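Number of protein chains: 2
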Amino acid sequence: MHKPLFDHIQKFISLEPSDIDKLESCLEISKVKKKEHILEEGQICNTMYFVVKGCMRQFIINSKGAEQTLQFAIENWWITDYLSYHNHVPSSFYLQAVENSEVIAIDKTVLESLLIEIPNLERYFRIVTQKTFGAMQMRIKFLFTMSAEERYHHFNDNFPEFVQRVPQYMIASYLDFSAEFMSKIRAGKV
Amino acid sequence: MHKPLFDHIQKFISLEPSDIDKLESCLEISKVKKKEHILEEGQICNTMYFVVKGCMRQFIINSKGAEQTLQFAIENWWITDYLSYHNHVPSSFYLQAVENSEVIAIDKTVLESLLIEIPNLERYFRIVTQKTFGAMQMRIKFLFTMSAEERYHHFNDNFPEFVQRVPQYMIASYLDFSAEFMSKIRAGKV
DNA sequence: TCAAAAACTTGAACTACTTCAAGAAATTCA
DNA sequence: TGAATTTCTTGAAGTAGTTCAAGTTTTTGA
Chain A
1 MHKPLFDHIQ KFISLEPSDI DKLESCLEIS KVKKKEHILE EGQICNTMYF VVKGCMRQFI
61 INSKGAEQTL QFAIENWWIT DYLSYHNHVP SSFYLQAVEN SEVIAIDKTV LESLLIEIPN
121 LERYFRIVTQ KTFGAMQMRI KFLFTMSAEE RYHHFNDNFP EFVQRVPQYM IASYLDFSAE
181 FMSKIRAGKV
Chain B
1 MHKPLFDHIQ KFISLEPSDI DKLESCLEIS KVKKKEHILE EGQICNTMYF VVKGCMRQFI
61 INSKGAEQTL QFAIENWWIT DYLSYHNHVP SSFYLQAVEN SEVIAIDKTV LESLLIEIPN
121 LERYFRIVTQ KTFGAMQMRI KFLFTMSAEE RYHHFNDNFP EFVQRVPQYM IASYLDFSAE
181 FMSKIRAGKV
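For the protein sequence lines, the chains are A and B, in the order given. Under the UniProt record's numbering, read the first sequence as residues 1 to 190, first letter to last. Under the UniProt record's numbering, read the second sequence as residues 1 to 190, first letter to last.
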């Protein structure tokens with residue numbers, strides 16, 4: 001079902017029924033099994049993904065061979081590799097399902113011509129991207145100013161359900177500390 | 001002069017002469033003296049700034065009273081606090097001139113109505129924001145996977161002129177290590 | 001339902017960085 | 001020009017985190 005996407009869009013702009021039809025015909029919903037990749041390092045990313053259900057993450061494999069989560073996307077978030085998408089260069093990232101998920105995929109070529117046809121949709125993406133960018137600016141602030149323990153508590157206070165929902169080692173790497181250290185923070189052993 | 005902005009815009013989209021006039025009438029260029037603030041913590045940010053000449057930075061004052069640079073913007077970059085701008089909440093950041101600079105300021109109310117009038121301009125901002133977001137994703141990757149020394153060399157290799165141009169302690173905090181440690185890296189004493 | 005896999009915990013040893021304090025060098029501007 | 005300010009450097013001591021290795025608990029799926 002595409003409804004969650006249309007609901008999300010209509011929070012920011014309103015679409016003509018004809019535009020809704022046009023957009024609808026371009027969307028492809030797909031189920032992604034837990035741990036399945038929708039993008040791998042080295043591939044060119046030609047798709048934007050909207051999470052209808054479940055949870056996706058962007059991660060890399062670092063020089064020690066360990067996975068490092070850089071970004072999560074839950075229901076109603078967009079996720080893609082914007083650099084690869086816009087510059088048509090190989091991606092540095094993996095995009096993977098953390099849970100069994102459903103995503104709406106929009107192909108770049110299709111989307112770009114759709115955006116020219118529907119200026120209001122262009123507006124939607126501009127606003128959503130700028131808001132996400134704002135959230136990213138705050139994230140950098142937190143990473144720069146808080147200790148590991150403060151970052152954990154802050155995240156836990158703000159997204160308690162989410163912390164329950166995904167493996168702790170992913171949260172640890174998203175907050176930029178080791179899984180072992182997170183375990184100690186939780187046990188009050190720091 | 002507004003030319004640098006129009007040149008930048010026309011790299012991504014093309015504007016009708018009438019649109020150029022319309023936009024032109026909304027722009028306000030202003031000189032910002034080195035160290036002068038164009039936004040302070042606690043204020044609501046209602047403006048987007050385009051750097052025509054010079055260099056601006058976004059920084060915070062951390063719990064120890066030290067300045068921490070989170071972002072730079074040189075010629076042809078936009079800078080603002082997107083969270084404060086979109087959610088109309090007090091900013092967590094300062095925006096300050098690193099050098100004597102010239103910026104084009106566009107007021108939010110003016111810009112938002114302009115964007116509705118000129119869909120192509122909406123497109124420009126969508127593309128520019130997404131590209132900047134892509135750069136930010138890479139930045140997070142570098143912060144997460146490289147050591148302080150690697151981050152310094154990587155930055156220095158990619159932006160050698162820029163490293164000459166701004167005080168080293170600002171670069172150090174932008175790369176998330178202390179000015180003293182940067183000094184030691186440069187001296188080969190690590 | 002139960003064996004295998006994935007996720008979490010613990011302590012001990014280590015290290016990449018920070019902090020502090022003081023001096024030297026470079027830049028600014030009256 | 002030269003005094004004041006800003007920026008950079010250096011070494012010594014400290015610490016917030018990592019790494020490793022091994023064991024325990026929880027979850028998964030045939």
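Even for Gly, the Cβ is constructed at its ideal location relative to N, Cα and C. Treat the numbers as computed from the prediction; the structure is a model and nothing was measured.
Less than 8 angstroms divides the Cβ of Cys45(B) from the Cβ of Ser91(B). Glu75(B) carries a coil assignment under DSSP once its states are collapsed to helix, strand and coil. Under the three-state reduction of DSSP output, Pro160(A) falls in the helix class.
Selection Tyr124(A), Asn100(A), Ser101(A) evaluated against Leu111(A) yields Tyr124(A) as nearest (Cα-Cα). In chain order, Ile118 place their CB closer than 6 angstroms to the CB of Asp19(B), counting only its own chain and leaving out the 5 sequence neighbours on each side.
Sequence-distant partners of Asp107(A) (beyond 5 residues in either direction) whose C-beta falls short of 7 angstroms from its own C-beta, in its chain, are Asn46, Thr47. Collapsing the DSSP output to three states places Val103(B) in a strand. Three or more Cβ pairs drawn from the stretch 86–105 of chain A and the stretch 31–46 of chain A lie within less than 8 angstroms of each other, which places the two stretches in contact. The beta carbons of Leu27(B) and His8(B) sit no closer together than 8 angstroms.
Chain A places no beta carbon closer than 8 angstroms to that of Phe181(B), leaving this residue out of the contacts.
In the assembly as shown, Gly65(A) is an exposed residue. Its beta-carbon has fewer than 16 other beta-carbons within 10 Å.
Secondary structure remark: continuous beta strand (DSSP E) runs of at least 3 residues inside the UniProt domain "Cyclic nucleotide-binding" (11–123) of chain A, in chain order: 28–32, 37–39, 47–53, 56–61, 67–73, 94–97, 101–107. Where Lys184(A) is concerned, the enclosing alpha helix (DSSP H) starts and stops at 179–186. An exposed status is given to Ala187(B), since fewer than 16 other beta-carbon atoms sit within 10 Å of its beta-carbon. The beta carbon of Ile140(A) sits closer than 8 angstroms to some beta carbon of chain B.
Restricting attention to Glu149(A), Phe50(A), His153(A), the CA atom closest to the CA of Ile29(A) is found in Phe50(A).
Per DSSP, the continuous alpha helix (DSSP H) segment holding Met170(A) begins and ends at 168–174.
No Cβ of chain A is located within less than 8 angstroms of the beta carbon of Ser18(B). For Glu41(B) and Ile61(B), the gap between their C-alpha atoms comes out near 9 angstroms. Pro4(A) and Ala73(A) have their alpha carbons spaced roughly 14 angstroms apart. Contact of His8(A) with chain B is not assigned, every C-beta pair being separated by 8 angstroms or more.
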